[in-house]
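Protein chains in written order, with our numbering: chain A, 45 to 304; chain B, 13 to 181.
Just so you know, even glycine gets a beta-carbon here, dropped at the ideal spot from N, CA and C.
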Amino acid sequence: MFHWLAHKLGLRSCPQCETLVDYALDGLPQGQQDGVRKHLDDCPPCREQVRDFFQVREGLALCSKQVDAPQDFNGKVLARLKQDPPPPAGLLLPGRATGWPRFWLMAGPVFALMSVMMTVVAAAALLTRQPAAPGPSNPLAAMSAAVLGDPKASRVSLTSALPGSDAGADLVLCKGMDHAVIQCRHLQASAPGQNYAVWVQLAGQPPKRLARFVVDGPGSCCHLLSLEGAFQGQGPARFMVKPEGAAVTGPDLLKGSVDL
Amino acid sequence: MTRWSRPVYSLALRILRNPELAEEVSQDVFLKVWKHAAVFQEQRGAFSSWVLTMTHHGSIDALRRAKARGSQVTSTLDNIVAATLPSPRGGVTPWQRLKLEQALETLPEKQRQVVELAYFGGHTREEMAQILAEPVGTVKTRLRDAIQRLAVVFQDPEQALDEAPEFRP
Numbered sequence: 045m046f047h048w049l050a051h052k053l054g055l056r057s058c059p060q061c062e063t064l065v066d067y068a069l070d071g072l073p074q075g076q077q078d079g080v081r082k083h084l085d086d087c088p089p090c091r092e093q094v095r096d097f098f099q100v101r102e103g104l105a106l107c108s109k110q111v112d113a114p115q116d117f118n119g120k121v122l123a124r125l126k127q128d129p130p131p132p133a134g135l136l137l138p139g140r141a142t143g144w145p146r147f148w149l150m151a152g153p154v155f156a157l158m159s160v161m162m163t164v165v166a167a168a169a170l171l172t173r174q175p176a177a178p179g180p181s182n183p184l185a186a187m188s189a190a191v192l193g194d195p196k197a198s199r200v201s202l203t204s205a206l207p208g209s210d211a212g213a214d215l216v217l218c219k220g221m222d223h224a225v226i227q228c229r230h231l232q233a234s235a236p237g238q239n240y241a242v243w244v245q246l247a248g249q250p251p252k253r254l255a256r257f258v259v260d261g262p263g264s265c266c267h268l269l270s271l272e273g274a275f276q277g278q279g280p281a282r283f284m285v286k287p288e289g290a291a292v293t294g295p296d297l298l299k300g301s302v303d304l
Numbered sequence: 013m014t015r016w017s018r019p020v021y022s023l024a025l026r027i028l029r030n031p032e033l034a035e036e037v038s039q040d041v042f043l044k045v046w047k048h049a050a051v052f053q054e055q056r057g058a059f060s061s062w063v064l065t066m067t068h069h070g071s072i073d074a075l076r077r078a079k080a081r082g083s084q085v086t087s088t089l090d091n092i093v094a095a096t097l098p099s100p101r102g103g104v105t106p107w108q109r110l111k112l113e114q115a116l117e118t119l120p121e122k123q124r125q126v127v128e129l130a131y132f133g134g135h136t137r138e139e140m141a142q143i144l145a146e147p148v149g150t151v152k153t154r155l156r157d158a159i160q161r162l163a164v165v166f167q168d169p170e171q172a173l174d175e176a177p178e179f180r181p
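This is the structure we're talking about:
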């Protein structure tokens, strides 16, 4: 930058100016030649001058009295070429390449080595990976398993209150839990917008609705019931299944008792 | 090769003044061109410049070997490649060559002498000072002035073309 400004201002204080002619004519020691070459990369005015000097050099070469080469000159060159074949085409050595090709020739093997190492590490991690602990991934299934697996759970067998019907259900619930599980058999499928409700009546207390559920088909079905509060109860209890919306005193579809 | 054998051989002969040696150096130049064509970068300079630089370096090397001076010019292939610079002007045109010949003729005798010793003789500045019995500084200054005067030929190619309508494309 300084050299460039000096040239622009006409100061010509660039210290390398004095050596440019010698550089162009290879008249400097090797170290100085290299120094000037580096300087030329940063100093456009000097570079421009050296271009002129190089052209003078080339012009001087052409100014020599032109003499024809010996008659069999081409033949001799071709004969030497045949004796000494050229290197394989496309062989690019790092020392010869410049710019990006040189960078990739130098850095390419490093990148390749790194990718191989990363592949090995990933493969080793896959092979040594511990298998995940088994267990239900569905939270509803986990909750059902908790209810059914509780040793203090109460199981109520509900039978049809209607004559001639083989419908029935098994209800499992635990004290203190706000979930229960019911497995229905041959219960009529719910009409659209029509649910079933589970009721409980403890001794000396009015009936209380516990939960509601839907039956999709005439076969068996299992539901995790979300209770309207943590189940609490003691002593004899009566459980009923009624159509939702039916009066407390309405007819039962299923009924059963248990001593909690 | 047919196109360049004449200027290459002429330059080698001018420097070496020995037909056998000049032929050998010229053959070496074409072998190098063939082997190292991949190294040549067109954007760094004209092909003519590359070939003639190689010829010049090879000839000076051969001259110094012949004189058993034991020193070589910097003629490794990398240096030859580096000794060219990107130039939109390309090589020397016939008109520029003619003008350069005229400029050489108009140079003062002492300046022409140092150009001859430096370029065609391959002498170091110290050797030139000894031959001319002049201080090294004087020789350097004289050579610099001479080359700068010759470089004027290449500094305004448009003007050169205007002066030479027969070379207009």
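- In summary, B:Glu35 is buried, with 16 or more beta-carbon neighbours lying within 10 Å of its beta-carbon over all protein chains present.
- In chain order, Ala105, Leu106, Ser108 and Gln110 make up the part of chain A whose C-beta sits under 9 Å from the C-beta of B:Pro19.
- Listed in chain order, the non-local C-beta contacts of A:Ala197 below 8 Å within the same chain comprise Val191, Val216, Leu217 and Cys218, local neighbours out to five positions each way being set aside.
- Within the same chain, Cβ atoms closer than 6 Å to the Cβ of A:Arg282 are found at Gln245 and Ser301, the five residues on either side in sequence being excluded.
- Close CB contacts of B:Leu25 within its chain, under the 6 Å cut and outside five residues either way in sequence, are with Ala34 (chain order).
- Relative to the Cα of A:Ala255, the nearest Cα in the group A:Val80, A:Ala105, A:Cys87 and A:Val225 belongs to A:Val225.
- A:Ala185 is classed as exposed because its beta carbon has fewer than 16 other beta carbons within 10 Å across all chains shown.
- Contact of A:Leu69 with chain B is assigned, a C-beta pair being separated by under 8 Å.
- B:Arg156 reaches chain A at Val65, counting residues in chain order whose Cβ is nearer than 7 Å.
- Going by DSSP, B:Met140 is part of the alpha helix (DSSP H) stretching over Arg137 to Leu144.
- For A:Gln245, the three-state secondary structure derived from DSSP is strand.
- Between the segment 103–115 of chain A and the segment 103–117 of chain B there are three or more C-beta pairs closer than 8 Å, enough to call the two in contact.
- Exclusion of the five residues before and after B:Val165 leaves Gln108, Lys111, Leu112, Ala115 and Ala172 as the residues of its chain whose Cβ lies within less than 8 Å of its Cβ.
- The DSSP-derived three-state label of A:Gly289 is coil.
- Look at the segment 112–130 of chain B: the residues with a C-beta under 8 Å from a C-beta of chain A are Leu112, Glu113, Leu116, Val127 and Ala130.
- The straight-line gap separating the alpha-carbon atoms of B:Val151 and A:Thr63 is approximately 13 Å.
- In terms of Cβ geometry, A:Asn118 and B:Ser17 form a close pair [threshold 8 Å].
- Pairing B:Ala163 with A:Phe97 gives a Cβ-Cβ distance under 8 Å.
- With respect to chain A, the C-beta atom of B:Ala141 has no partner C-beta closer than 8 Å.
- A:Phe257 carries a strand assignment under DSSP once its states are collapsed to helix, strand and coil.
- Between B:Phe52 and B:Phe59, the gap from beta carbon to beta carbon is short of 8 Å.
- At a C-beta separation below 8 Å, B:Ala163 has these neighbours in chain A: Gln93, Asp96, Phe97, Gln99 and Val100.
- When the beta-carbon positions are compared, A:Arg229 and A:Gly212 come within less than 8 Å of each other.
- Within chain A, no C-beta atom comes less than 8 Å from the C-beta of B:Phe52; the nearest is roughly 11 Å away.
- In this structure B:Leu23 touches B:Thr67 by the C-beta definition: roughly 5 Å separates them, less than 8 Å.
- Contact of B:Phe59 with chain A is not assigned, every C-beta pair being separated by 8 Å or more.
- When 8 Å is used as the limit between beta carbons, A:Ala113 is near these residues of chain B: Ser17, Arg18, Val20, Tyr21, Glu35 and Ser38, in chain order.
- In the same chain as A:Gly220, and ignoring 5 residues on each side of it, the C-beta atoms closer than 6 Å to its own belong to Ala274, in chain order.
- Look at B:Thr150: its C-beta is not under 8 Å from any C-beta on chain A.
- At least one C-beta of chain A is nearer than 8 Å to the C-beta of B:Arg137.
- DSSP places B:Ser17 within a helical segment (H, G or I) once states are collapsed to three.
- The contact set of B:Leu64 on chain A, defined by CB atoms closer than 7 Å, consists of Glu102 and Ala105 in chain order.
- Close partners of B:Arg109 in chain A (Cβ separation under 8 Å): Gly103, Leu106 and Cys107.
- The beta-carbon distance between A:Ala123 and B:Tyr21, rounded to whole angstroms, is 17 Å. This is too long to meet the 8 Å contact definition.
- Beta-bridge annotation (DSSP): B:Ser71 is not paired with any residue.
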